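**Q** The structure's right below; bear with me while I get my questions together.
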Amino acid sequence: MNDLFEAWRSARPPYYDLKYKEILMKEFADYGARSKDIKAFETAYELYIYAFFVGLYNNEKKPISKKENSYGHKIEFWGNKAGKKFRKDFSILQKYIFVALVSKTDVDFLALEKGDISIDSVVSSLMETMEQYANGGMNLIREKFEDNESFFFTPTGFLNFILKSE
Amino acid sequence: MARADKILKTFLSDSIIKDKYNVDSEDYPTLTHALNSDVPIVKAIAIIIQDVSSEIEMNDKQLYQKVISFLNRTTA
Amino acid sequence: MKIKKLFLENFLCYYGRKEFVFEDGINLILGRNGEGKTKFFEAFEWLFSSSEKADINIVSAKRLKDIKENETFTVRVALTVEKFGENFLIEKCFEVSLKKSQINIENFRFIAYENKLDGSRIPIDGDKKLEIIFPAKIRRYSMFKGEAELNIFNNENALKELIDTFSEVKHYPPYINLSDKLYSWFQEAMDKTSRSNEKINREVNIIQAEIERRALERHKYDRLKKEAEQELEKASNSLSQIEKNSERCEMIKVLNDRIRKKTDEINSMKVCIDESYTTFLLDEKWILYDFQPYYESFCNKILEVRKSKNFEEKKHNKEIAKKEVKLELLNEATPLPWFIPDESTLKELLKDELCKVCNRPAPKGSEAYSFMESKLKEYIDRTNQKNKTENDYELLFPNNYIENFQKLQIELSTNGINIENLKNEIAERLEFNRCRKEDLKRLEEELDKEIEEKNRIMAESTVHEDELLSMHSNIREWTLIISESSRSIEDYRRKIESIDAELNEKNETKNRKLAQVLPGYQMETNRILKDINSVFTNTKERLLSEFIDLLEEKSNQFISRINVDDFTGRIRLRRSKDKISVLLINADETPIYKPHGSLEISMYMAVLFGISELAFETKEENYPMIFDAPTSSFDGAKVQDFYNLIYDLKKQCIIATKDFTIMKDDRTPCVDEDTIEKVKRDKTYWICRIRPFNKEDLSTIETIVEPYE
Numbered sequence: 000m001n002d003l004f005e006a007w008r009s010a011r012p013p014y015y016d017l018k019y020k021e022i023l024m025k026e027f028a029d030y031g032a033r034s035k036d037i038k039a040f041e042t043a044y045e046l047y048i049y050a051f052f053v054g055l056y057n058n059e060k061k062p063i064s065k066k067e068n069s070y071g072h073k074i075e076f077w078g079n080k081a082g083k084k085f086r087k088d089f090s091i092l093q094k095y096i097f098v099a100l101v102s103k104t105d106v107d108f109l110a111l112e113k114g115d116i117s118i119d120s121v122v123s124s125l126m127e128t129m130e131q132y133a134n135g136g137m138n139l140i141r142e143k144f145e146d147n148e149s150f151f152f153t154p155t156g157f158l159n160f161i162l163k164s165e
Numbered sequence: 000m001a002r003a004d005k006i007l008k009t010f011l012s013d014s015i016i017k018d019k020y021n022v023d024s025e026d027y028p029t030l031t032h033a034l035n036s037d038v039p040i041v042k043a044i045a046i047i048i049q050d051v052s053s054e055i056e057m058n059d060k061q062l063y064q065k066v067i068s069f070l071n072r073t074t075a
Numbered sequence: 000m001k002i003k004k005l006f007l008e009n010f011l012c013y014y015g016r017k018e019f020v021f022e023d024g025i026n027l028i029l030g031r032n033g034e035g036k037t038k039f040f041e042a043f044e045w046l047f048s049s050s051e052k053a054d055i056n057i058v059s060a061k062r063l064k065d066i067k068e069n070e071t072f073t074v075r076v077a078l079t080v081e082k083f084g085e086n087f088l089i090e091k092c093f094e095v096s097l098k099k100s101q102i103n104i105e106n107f108r109f110i111a112y113e114n115k116l117d118g119s120r121i122p123i124d125g126d127k128k129l130e131i132i133f134p135a136k137i138r139r140y141s142m143f144k145g146e147a148e149l150n151i152f153n154n155e156n157a158l159k160e161l162i163d164t165f166s167e168v169k170h171y172p173p174y175i176n177l178s179d180k181l182y183s184w185f186q187e188a189m190d191k192t193s194r195s196n197e198k199i200n201r202e203v204n205i206i207q208a209e210i211e212r213r214a215l216e217r218h219k220y221d222r223l224k225k226e227a228e229q230e231l232e233k234a235s236n237s238l239s240q241i242e243k244n245s246e247r248c249e250m251i252k253v254l255n256d257r258i259r260k261k262t263d264e265i266n267s268m269k270v271c272i273d274e275s276y277t278t279f280l281l282d283e284k285w286i287l288y289d290f291q292p293y294y295e296s297f298c299n300k301i302l303e304v305r306k307s308k309n310f311e312e313k314k315h316n317k318e319i320a321k322k323e324v325k326l327e328l329l330n331e332a333t334p335l336p337w338f339i340p341d342e343s344t345l346k347e348l349l350k351d352e353l354c355k356v357c358n359r360p361a362p363k364g365s366e367a368y369s370f371m372e373s374k375l376k377e378y379i380d381r382t383n384q385k386n387k388t389e390n391d392y393e394l395l396f397p398n399n400y401i402e403n404f405q406k407l408q409i410e411l412s413t414n415g416i417n418i419e420n421l422k423n424e425i426a427e428r429l430e431f432n433r434c435r436k437e438d439l440k441r442l443e444e445e446l447d448k449e450i451e452e453k454n455r456i457m458a459e460s461t462v463h464e465d466e467l468l469s470m471h472s473n474i475r476e477w478t479l480i481i482s483e484s485s486r487s488i489e490d491y492r493r494k495i496e497s498i499d500a501e502l503n504e505k506n507e508t509k510n511r512k513l514a515q516v517l518p519g520y521q522m523e524t525n526r527i528l529k530d531i532n533s534v535f536t537n538t539k540e541r542l543l544s545e546f547i548d549l550l551e552e553k554s555n556q557f558i559s560r561i562n563v564d565d566f567t568g569r570i571r572l573r574r575s576k577d578k579i580s581v582l583l584i585n586a587d588e589t590p591i592y593k594p595h596g597s598l599e600i601s602m603y604m605a606v607l608f609g610i611s612e613l614a615f616e617t618k619e620e621n622y623p624m625i626f627d628a629p630t631s632s633f634d635g636a637k638v639q640d641f642y643n644l645i646y647d648l649k650k651q652c653i654i655a656t657k658d659f660t661i662m663k664d665d666r667t668p669c670v671d672e673d674t675i676e677k678v679k680r681d682k683t684y685w686i687c688r689i690r691p692f693n694k695e696d697l698s699t700i701e702t703i704v705e706p707y708e
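Here is the structure:
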């Protein structure tokens, strides 16, 4: 079945730069099952999604330096909060991310239709776009965090940061 | 009024004297009057006052004898 | 007796020689706190005390500091008084010297000087003369230290002293003792006589035993009655305290209720406010607020790709003979996908011979009808295509990812997120939370006010909140105790009455028996002696009550004048055994429990004035009164009333006070000329420490004394 979306979402999860694990993930995402603090994002991939949109809205693409540290959650499971109290399902965001990637990635779709290029290569390109936007977003977040340590620790921090995007 | 007279008057104003013995304190303006009274209780009181307020007091036994012998004589 | 002059020499803060000249009437010694008022009062106290002698602690520190080797100076307090037209000097003094670097205190004297007819003076024992001029028993009620020493009746012998000093009652106890003796001696004599008659004696003894037994019983009931009376009093006091507090208790209850309600409101408000905005970015899809351009760009891209695909397909298909029905549109526009509309829709259109998109007729045989027919055929062919092998067609585009893109596009536009609305949603939620937070702040402020109010009320009460609330529930208990005690008291009273009647009867019987052996006149004598005893006892009691009533009446005259516009109540002097207590009662005779502050002070001062008037009447002589800060707890108009009252007494009063003084801006004290003008007075002094001084170093302290006009 010729579903690029399905192929993409069940592919390997995207990579991100190792340095952000310490700087951002540990700060703002809840890692262990028993974490003492309440972090802004319940899981690491949620912060990743956020970074992606930040990069997208600010048009910041930054290629990642080391291909290290992808993390466990496949895209197809993103937003699946069924069974979690107090959370809603946001798996529909997968589709929107896909829409953005398709729109922003230079792919010869006709070649794909003709079968001249493999679906895997397209998936790769899409993934690369995603990684670059996310990386760009994380960089912006890191810069803001360095400027103002307490900015993201207010309830409206993350919201305001993305709302003010150009 | 000497103190003794005042004391006499105060005693004679008591309700027992007035009601039981029908004595009017006005009748005895001074101690001397009371000493000459023929109402036994009045005279007895006067004798006692005289003794206490005098400068030469009898001892109590002597006073007792005086009062008792007076009373026994009069009431007999 | 009048005080004419006071001399102070090196006494406490009064360095060197200071002199006060007093007039008849009201003498004011004005000074701020700490300037020397209390020391002034203490000078009188030291002089009047028979026990206090020379003491290094009362020596002026400043003078002590100045002392040189082999120098001697005097410490002295002296008073000139006028009594019966004659002047007397009474003084206490001693000498302080420095010898061989040692401070010595010696030569203490307490002397009075009497003027002889030839004009010379002779010294006599100060203590003795003081007692004659200003007896201790009167002094006790002439000096008032204000809040420092309030209960003038604290001393156990106070009542006895008052009586001895001011009333005739003291003359009567000897009579009572005497008549007791006379009566009991006579009883003894009678008993002796009767004992000689055996039979009567036996009978009398039996009756006597019975009398004694009943007397014991009576005593017991009497005691029980007194206990019940105490219970009653305690319960009544508690009840009145409760009533006083019940208003407070009500208020506390109301406030607690309001506090509880407000707290609930606050808690439910807090629940409303959800600020997990970061989570909402994902859960509420707020993160897509700006996504519209990207979606449109996606749609455009898809359209472009479809166009290109279509173009190439057309080109491709032109070279191959087609069995398939080629449907071309006008304007060479890009056709709709083969699956739109679907099979059943097409069938419906054909059946109705109408294009339901543009609402134009498509009757059978028309171009429009045959176009729709071909479209239906294409649909059916396409869906059957899976049955055909790929080899039947040489497909240019074997894949059909684009189709799924379109499906996705449609899905998102029909069932997707309303992106346009997200910005509003976000703004609405932020605004909602902002308003709730404002409301919360307001509620919390209101809550704080209620709590503050409650704390303020609790601070006024001397009782803890729990006690206050539980006190309320004790009303029933106390009321019960009151009614029970009243019943018991009545009960005991009746029992005592009946026993008394019985005792009387038995005594009569006894006397009748005695009369059988005793001569009649002896009975008569017996009766008279008994009556004399009663008369003496009753009289003393009567006089005592009259005295107390008189004092009470005089005190009440004064208290109504001290508290002219204020609620006051009446003074009640209560005597129990040999003690006196001073109470304040309401118009309905209930006691005002523990009056304090200015009310308490006015109460005791009124009694003092009452005693002073009694003193005047009994001794036929006036004595001065000396006050140290009597109005310190009075406010405003009351102060004025007080001084007017003193003035009207036409008694000599010496009053050391802070009234009519103020602090200037440079923190030095001075007389308040506006207020002092309005006070009627006969003499005024201003006392004040010389500035600058070091409050840690007594030797820098000296109080100056200045007459004030």
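Protein chains in written order, with numbering that gives the first Met the number 0: chain S, 0 to 165; chain X, 0 to 75; chain G, 0 to 708. We treat Cβ as the ideally placed atom computed from N, Cα and C, and that holds for glycine. The structure displayed is predicted, hence computed values, not measured ones.
1) In or out: Gly84 of chain G buried (at least 16 other Cβ within 10 Å) or exposed?
2) Is there a C-beta anywhere in chain G that falls below 8 Å from the one on Thr9 of chain X?
3) Can you give the Cα-Cα distance for Asn57 of chain S and Ser369 of chain G, rounded to whole angstroms?
4) Do Lys509 of chain G and Val203 of chain G have their C-beta atoms closer together than 8 Å?
5) Anything in chain G within Cβ reach of Phe157 of chain S, meaning under 8 Å, just list it in chain order.
6) Any C-beta of chain G within less than 7 Å: which residues of the segment 63-74 of chain X qualify?
7) Grab me the residues of Trp337 of chain G's own chain with a C-beta within less than 7 Å of its C-beta, minus the 5 sequence neighbours each way, in chain order.
8) With 8 Å set as the bound, which would you pick, yes or no: does the beta-carbon of Pro39 of chain X sit closer than that to a beta-carbon of chain G?
9) Who are the near neighbours of Asn390 of chain G in its chain, counting only those whose CB is closer than 6 Å to its CB and skipping five residues on each side?
10) Can you list, in chain order, the stretches of the beta strand (DSSP E) that have 3 or more residues and sit fully within the segment 599-662 of chain G?
11) Could you tell me whether the Cβ of Ile561 of chain G comes closer than 8 Å to any Cβ of chain X?
12) Nearest-angstrom Cα distance between Phe40 of chain S and Trp77 of chain S?
13) For Phe6 of chain G, which residues from the same chain have a beta carbon less than 6 Å from its beta carbon, with the 5 sequence-adjacent residues on both sides left out?
14) Should Asp681 of chain G and Ile561 of chain G be called a contact, given that it needs their Cβ atoms to be closer than 8 Å?
15) Give me the residue from S:Ile96, S:Pro13 and S:Glu145 with the minimum Cα distance to Lys284 of chain G.
16) Val51 of chain X to Val22 of chain X, Cα distance in whole Å?
17) For Gly609 of chain G, does the count of other Cβ atoms within 10 angstroms reach 16, so buried, or fall short, so exposed?
18) Our contact map puts Lys3 of chain G next to Asn114 of chain G with C-beta atoms below 8 Å; I'd like the distance itself, whole angstroms only.
19) Check each residue of the segment 521-542 of chain G: if its Cβ is closer than 8 Å to any Cβ of chain X, include it; give the result in chain order.
20) Answer with yes or no whether the minimum CB distance from Gly135 of chain S to chain G is below 8 Å.
21) In chain order, what residues of the same chain lie with their CB nearer than 7 Å to the CB of Ala514 of chain G, ignoring the 5 residues before and after it?
22) Between the alpha carbons of Lys440 of chain G and Leu446 of chain G, how many angstroms are there, rounded?
23) Spatial neighbours of Arg690 of chain G within its chain, please: CB distance less than 8 Å, with the 5 preceding and 5 following residues excluded, ordered by chain position.
24) How long is the line joining the alpha carbons of Asn138 of chain S and Glu21 of chain S, rounded to whole angstroms?
25) Measuring alpha carbon to alpha carbon, tell me which of G:Asn244, G:Gln101, G:Asp289 and G:Phe404 ends up nearest Leu109 of chain S.
26) Please go through the same chain and pick out, in chain order, the residues whose beta-carbon is closer than 6 Å to the beta-carbon of Glu705 of chain G, but skip the five residues on each side of it.
27) For Thr388 of chain G, I'd like the list of residues in its chain whose CB is within less than 7 Å of its CB, leaving aside the five on either flank, ordered along the chain.
28) Go ahead and label Met250 of chain G buried or exposed: buried means 16 or more other beta carbons lie within 10 angstroms of its beta carbon, across all protein chains shown.
29) Would you mind sorting Gln93 of chain S into buried or exposed? The rule is 16 or more other CB atoms within 10 Å of its CB.
30) To the nearest angstrom, how far is it from the Cα of Ile118 of chain S to the Cα of Ile418 of chain G?
31) To the nearest angstrom, report how far apart Ala614 of chain G and Asn103 of chain G are at their CA atoms.
32) Pull up the distance between the alpha-carbon of Asp289 of chain G and that of Leu3 of chain S, whole angstroms please.
33) Are the C-beta of Arg138 of chain G and some C-beta of chain X separated by less than 8 Å?
34) Determine the burial state of Gly156 of chain S: buried for a count of at least 16 other Cβ atoms within 10 Å of its Cβ, exposed for fewer.
35) Pick out the complete beta strand (DSSP E) segments inside the segment 414-501 of chain G, 3 residues or longer, and give them in chain order.
36) Tell whether a beta-carbon distance below 8 Å holds between Phe107 of chain G and Ala655 of chain G.
**A** According to the data block:
1) exposed
2) yes
3) 52 Å
4) Their beta carbons are under 8 Å apart, which means Lys509 of chain G touches Val203 of chain G by this criterion.
5) Within chain G, the residues whose beta carbon sits less than 8 Å from that of Phe157 of chain S are Tyr276, Thr277 and Leu280, listed in sequence order.
6) Tyr63, Val66, Ile67, Leu70, Asn71 and Thr74
7) Glu377, Tyr378 and Arg381
8) yes
9) In this predicted model, Asn390 of chain G has a pLDDT of only 48, less than 50, meaning its place in the structure is not dependable; the value taken from the coordinates is given anyway. Here the set comprises nothing.
10) 624-627, 652-656 and 660-662
11) Chain X, which has no Cβ nearer than 8 Å to the Cβ of Ile561 of chain G, makes this no.
12) 13 Å
13) Glu18 and Ala77
14) No. Outside cutoff.
15) S:Ile96
16) 23 Å
17) When all chains shown are included, Gly609 of chain G counts as buried.
18) With 8 Å as the limit, Lys3 of chain G and Asn114 of chain G do not qualify as a contact, their Cβ atoms being about 13 Å apart.
19) Listed by position along the chain: Gln521, Glu523, Thr524, Ile527, Leu528, Asp530, Ile531, Ser533, Val534, Phe535, Asn537, Thr538, Arg541 and Leu542.
20) no
21) Met522
22) 10 Å
23) Thr667
24) 13 Å
25) G:Phe404
26) Trp685
27) Interpretation of Thr388 of chain G is limited by its pLDDT of 48, a score under 50 that renders its predicted location unreliable; the figure taken from the coordinates is listed afterwards. For Thr388 of chain G, where only same-chain residues beyond five positions count, there are no Cβ hits under 7 Å.
28) exposed
29) buried
30) 30 Å
31) 43 Å
32) 24 Å
33) The beta-carbon of Arg138 of chain G is placed no less than 8 Å from the nearest beta-carbon of chain X.
34) By the neighbour-count rule (16 or more Cβ atoms within 10 Å), Gly156 of chain S is buried.
35) The segment 414-501 of chain G contains no whole beta strand (DSSP E) run of 3 or more residues.
36) In this structure, Ala655 of chain G does not lie closer than 8 Å to Phe107 of chain G by Cβ.
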